[in-house]
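Have a look at the structure below, then the notes.
There are 2 protein chains.
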Amino acid sequence: MSALASPRRMEILRLVWDQELPAGDIHRAMPDVTFGAVSLQLKHLLEAGLLDARTESRNRFYRARKKALGPMAKALEEMWSDALWKLKLAAELDESRRGPRPQRRKTKGKQL
Amino acid sequence: MSALASPRRMEILRLVWDQELPAGDIHRAMPDVTFGAVSLQLKHLLEAGLLDARTESRNRFYRARKKALGPMAKALEEMWSDALWKLKLAAELDESRRGPRPQRRKTKGKQL
DNA sequence: CAGATAGTTTAGTTATAACTAAACTATTAT
DNA sequence: ATAATAGTTTAGTTATAACTAAACTATCTG
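Chains A and B, in that order, are what the protein sequence lines are.
So for the first sequence, my numbering puts the first residue at 554; every next one is plus one.
So for the second sequence, my numbering puts the first residue at 554; every next one is plus one.
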């Protein structure tokens with residue numbers, strides 16, 4: 554339950570609800586945080602058993618484990634398809650998004 | 554949604570799910586925190602629209618507003634009646650309960 | 001009225017969650 | 001082998017949520 558606590562993790566869960574996505578795509582969908590931050594949240598969800606992960610070459614694909622959510626799965630789907638809830642969630646996300654917009658670091662092999 | 558985030562608030566919500574209870578009874582059910590802490594959480598839930606409150610003489614009665622939870626209401630009920638989920642929630646609550654056990658201050662009108 | 005009971009509120013503390021920056025591993029391409 | 005891409009991890013910071021102690025309001029009781 555408490556893995557569903559943060560709007561950020563809900564956003565992720567929703568992205569991979571009915572499609573598998575690589576971590577990079579998930580990050581691209583939330584450019585207000587660093588890649589590292591997203592990776593940590595993915596780990597959190599994974600450890601809570603709410604995601605499945607699969608590695609393919611350089612990519613790591615994530616997908617929601619709806620079964621693990623039990624009765625919550627249906628509730629979430631209904632909420633997401635409900636206009637009123639859409640507004641509520643949008644507001645919550647918006648609240649969690651204040652401050653400057655960081656970019657992905659230009660990782661170089663050996664840089665000071 | 555985010556008002557459901559903490560196991561503490563879930564515990565409260567569950568207590569007043571199908572019965573109205575005065576703040577004092579709710580506090581008595583969670584003696585590991587002060588009365589003030591409970592009052593603040595009640596306020597939180599109230600402001601999120603998840604509780605109804607009614608004052609009668611010295612008591613303030615609280616009750617869950619199931620309608621406000623939409624599809625979540627059913628999901629919560631199902632979870633609570635499910636043995637597996639019971640264990641999960643118990644574990645979460647237990648985790649949030651470490652440290653010393655404070656008591657309600659012996660409030661005296663004018664004490665130093 | 002004084003004192004007890006029921007609850008809220010404020011101000012300050014503490015615990016925890018979320019995040020950043022940078023180092024790191026692994027894979028692929030040149 | 002070098003460099004780029006994809007992702008993770010660590011260590012430290014910052015923001016936020018939860019809590020405590022005490023002051024406070026209000027109602028009831030003698």
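We put the beta carbon where it would ideally sit given N, CA and C, even for glycine.
Everything numeric in this text was worked out from a predicted model, so none of it was measured.
{"Item": "7 Å Cβ cutoff, Glu631 of chain B in contact with chain A", "Value": "yes"}
{"Item": "Cα-Cα separation between Gly577 of chain B and Phe588 of chain B, rounded to whole angstroms", "Value": "8 Å"}
{"Item": "Separation of Arg611 of chain B from Ala617 of chain A, as counted between CA atoms", "Value": "49 Å"}
{"Item": "Proximity below 7 Å, CB of Pro624 of chain A to CB of Ala628 of chain B", "Value": "yes"}
{"Item": "Continuous beta strand (DSSP E) assignments of at least 3 residues falling wholly in the segment 567 to 615 of chain A", "Value": "604 to 609"}
{"Item": "Straight-line gap, Trp633 of chain B to Leu595 of chain A (C-alpha atoms, nearest Å)", "Value": "27 Å"}
{"Item": "Test: Met625 of chain B CB closer than 7 Å to a CB of chain A", "Value": "yes"}
{"Item": "Opening and closing residue of the alpha helix (DSSP H) in which Leu557 of chain A lies", "Value": "Segment: none, Leu557 of chain A is in no alpha helix (DSSP H) and carries neither H nor E."}
{"Item": "Cα-Cα separation between Gln656 of chain B and Asp635 of chain A, rounded to whole angstroms", "Value": "Residue confidence is low: Gln656 of chain B scores 40 on pLDDT, short of 50, so the model does not pin down where it sits. No coordinate-derived value is stated."}
{"Item": "N- and C-terminal bounds of the alpha helix (DSSP H) containing Leu622 of chain B", "Value": "Premise fails: Leu622 of chain B is in no alpha helix (DSSP H) and is neither H nor E."}
{"Item": "Short-range partners of chain B found in the segment 558 to 570 of chain A, where Cβ spacing is below 8 Å", "Value": "Ala558, Ser559, Pro560, Met563"}
{"Item": "Residue burial classification, Pro584 of chain B (beta-carbon count within 10 angstroms, cutoff 16)", "Value": "exposed"}
{"Item": "Alpha carbon of Lys591 of chain B to alpha carbon of Leu566 of chain A, nearest angstrom", "Value": "Here residue 591 of chain B turns out to be Val, not Lys, going by the sequence shown. Looking at the two C-alpha atoms, the distance is approximately 31 Å."}
{"Item": "Partner residues on chain A for Asp635 of chain B, Cβ-Cβ distance less than 8 Å", "Value": "Gly623, Pro624"}
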